[in-house]
Amino acid sequence: MSAPDPGRAEVERVAVTDEAAALLRELRGTHGPLMFHQSGGCCDGSSPMCYPEGEFRVGAADVHLGDLDIGAPETVPVWMSRSQFDLWSHTHLTIDVVEGRGSGFSVEAPTGRRFLVRSRLMSDEEAAGT
């Protein structure tokens, strides 16, 4: 992802619902600061995977989509693989939560709830940062 242009507003690519923010605050109490990596498929489909911050290594092959304000001292960063971002670059993602069992790899799995991503195409204005 290129460096932000100081003359342009930052593009908002991610958001969180109130219900998902509440679950994240609860999980933060158990696991400490958290992060998401948007899965690209395989076993977990396209589930947003939540980890204690630092337990999933991100690097040059990942894109930082943004940070979720969940009403905690720190925000929750959201990452995606660069190859998936190339396909989803015009998509806005909202992290939500529903009843049901999620992946064994994501920290919410034991709660009986699971995170999911709701997506929509960004408008041309949003994508341009205007």
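The sequence shown begins at 44 in the working numbering and counts up one residue at a time. C-beta atoms are modelled at their ideal positions from N, C-alpha and C, and glycine is treated no differently.
Check: Can you tell me whether DSSP reads Arg157 as helix, strand or coil?
Finding: It is a strand residue.
Margin query: Using DSSP's beta-bridge definition, name the partner residues of Met92.
Written below: Within the DSSP bridge table, the entry for Met92 names His80 as partners.
Checklist line | Simplified DSSP assignment, three categories, for Thr60 | finding: Coil, per DSSP.
Item checked: Nearest residue (CA-CA) to Ser89, options Ala171, His74, Asp167, Trp131 -> Selected option, being the one with the closest Cα: Trp131.
Checklist line | Per DSSP, the bridge partner or partners of Val121 | finding: Partner residues in the beta bridge of Val121, as assigned by DSSP, are Phe79, Gly109.
Next item on the list: Can you say whether Gly72 is buried or exposed, counting buried as having 16 or more other CB atoms within 10 angstroms of its CB?
Entry: So Gly72 counts as exposed.
Notebook entry, point to check: Which residues in the same chain have their Cβ closer than 7 angstroms to the Cβ of Glu151, if we skip the five residues on either side of it in sequence?
Noted result: When the five nearest sequence neighbours on each side are left out, the beta carbons in the same chain lying within less than 7 angstroms of the beta carbon of Glu151 are those of Leu66, Leu70, Cys93, Gly145, Arg157, Phe158, in order along the chain.
Next item on the list: Quick one: grab the DSSP three-state call for Ser126.
Entry: The answer is helix: DSSP assigns Ser126 an H, G or I state.
Check: Is DSSP giving Glu168 helix, strand or coil here?
Finding: Helix at Glu168.
Check: According to DSSP, is Arg71 helix, strand or coil?
Finding: DSSP, reduced to helix, strand and coil, places Arg71 within a helical segment of the structure shown.
Check: Thinking C-beta only, is Asp105 closer than 9 angstroms to Arg125?
Finding: Yes, the pair counts as a contact, with Cβ atoms nearer than the cut-off.
Item checked: Separation of Gln81 from Gln127, as counted between CA atoms -> The C-alpha of Gln127 lies about 9 angstroms from the C-alpha of Gln81.
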